[in-house]
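Just add 302 to wherever you are in the sequence shown, counting from 1, and you've got the working numbering. Structure first, commentary second.
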Amino acid sequence: MTDKKWADSKIKNLLESMPDIQDSRSKSDILTRLKQDERLTAPSRKNRNKWMPALIAIAALLFLSLLIPSMLRGNEGAMKEVVSEESSAGKMKMKMGTSVDDTGMENSAAMNEAEQAPANFPVARSMVTHSAVYPQDIEGSTVFHLGLAGSAAESVPVIFVIPTSQIAEDFGVAEPTSFELYNMYASRIDEEALGFAEYHPYKGKLSVEGETLIHTLPKGHGYDVASGALAVYSNSLQDTFFGFKQIRFENEDGRTHEFDQAGEPSKPMELKSGNNAYNYYLFEQEQGMELLSSNFSKSYDSLDEALQDMKMKPNDVYSPLIPNDIYFEIVEDKGLTTVKFERHLDLDGMEPKKAMQMIEGMLLTGASFGTQLQFENIVQEQWNGFDFTQPLPIPIGPNPMPFILK
């Protein structure tokens, strides 16, 4: 447009001067021409597209029906591969037998055990881990006691439950003694895998004369380099050999051995087969493993004193198993020893692991005196396999361990 202003009359004159547009074709000619136009006779795109979403959906369903089973089979194969790898890794170094946890930890086995066993035996081990072995745990098995070297210069008593099949393979039909078990397995126990220092087998030679063990010690054995080392040695012997009356110490020439720390020829040491009059405390290895152990094998004159002392911390190595605000008395009546708590003791109000360690520590202390215990004034009548309405079984030993061989 220019800057000139167009008058309405000029615009009107311009439009009137334009020629008229005329179409001389007939209607039939126009219709014929339209029918011949390919653009109008071609299939409609819109009609063709209306089936595409349905076809895409059907294709997607077919694809998923083929893909999902393949994925499931892949996952199943991966799981089998993981299990196989874990199984192979576990078998590379260690040969697993059975332990207390192995013989009752699985849920189905624990449920069957709970239904069939007497109520006062500790069953259903999947609830809270036990720190002791009981008569029910060793049915069809053999017990192997062993004193291992702890991280604080002391002997820690542990127990292995060996399956009958292993015993039959190694000993035949004969029931082995603790001496024979030691000779067979001590050098094969993987102490490091269990969290302990390598200590066994003992240096020198072990032999038997009737009910007496003889340890023939070589020069430079090292068991008497310090008082602590001598204590570990003597206490581990006590924790290991059951069923013998004493052990004698000799030189290789047959003379009585003299330990440097003693300064005089040694005397035979009485073997008490677990009746040591100990009490039990909580001991924690350097790597954090918690165990029940005596206070450096300290013995007591009475069960009452031993149990009451379990509320006090004896040193920096051991911790008490009984809280100091729990009061009880020991009542003996007609051969039955009862631990009677002053107030109702609610075990569910305690940390389950701590409550279990307290109960089992007291049972182990009773066992060390050859005494079966009954508890009175506990809120729960049934708790983690224990039936507190009757005397509880005497434990066979503390700290069950997996039977790991090199």
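Just so you know, even glycine gets a beta-carbon here, dropped at the ideal spot from N, CA and C. These numbers come from a predicted model, not from an experiment.
Residue burial classification, residue i (beta-carbon count within 10 angstroms, cutoff 16)
i: V435; result: buried
i: G576; result: buried
i: D618; result: exposed
i: Q692; result: exposed
i: S489; result: exposed
i: I628; result: exposed
i: E634; result: exposed
i: S538; result: buried
i: N701; result: buried
i: S386; result: Because S386 carries a pLDDT of 44, less than 50, the predicted location of this residue cannot be relied on, and no value is offered for it.
i: H559; result: buried
i: E493; result: buried
i: V681; result: exposed
i: T466; result: exposed
i: V527; result: exposed
i: L649; result: buried
Identity of the residues DSSP links to residue i by a beta bridge
i: D689; result: Q684
i: H517; result: L508 and F551
i: G699; result: V435
i: F643; result: F630
i: A528; result: None; A528 has no bridge partner.
i: S457; result: A451
i: L638; result: D635
Reduced DSSP secondary structure (H/G/I, E/B, other) of residue i
i: M303; result: Unreliable positioning characterises M303 in this predicted model, as indicated by a pLDDT of 47, which lies under 50. The coordinate reading is nonetheless provided below. Coil at M303, not helix or strand.
i: N485; result: helix
i: V534; result: helix
i: Q676; result: strand
i: A470; result: helix
i: G406; result: Since pLDDT at G406 reaches only 37, below the 50 mark, its modelled position is unreliable, and the value read off the structure follows with that caveat. If DSSP states are grouped into helix, strand and coil, G406 belongs with coil.
i: D541; result: helix
i: L496; result: coil
i: D648; result: coil
i: L666; result: helix
i: P654; result: helix
How do the region 438–448 and the region 604–622 stand: do at least 3 beta-carbon pairs fall below 8 Å, yes or no?
no
Segments of 4+ residues assigned as alpha helix (DSSP H) that fall wholly inside the region 546–626:
605–610
Is the region 669–682 in contact with the region 693–707, if contact means three or more CB pairs nearer than 8 Å?
yes
Given 8 Å, three or more beta-carbon pairs between the region 554–568 and the region 472–490:
no
Counting beta carbon pairs with one atom in the region 535–549 and one in the region 446–464, are three or more of them shorter than 8 Å?
yes
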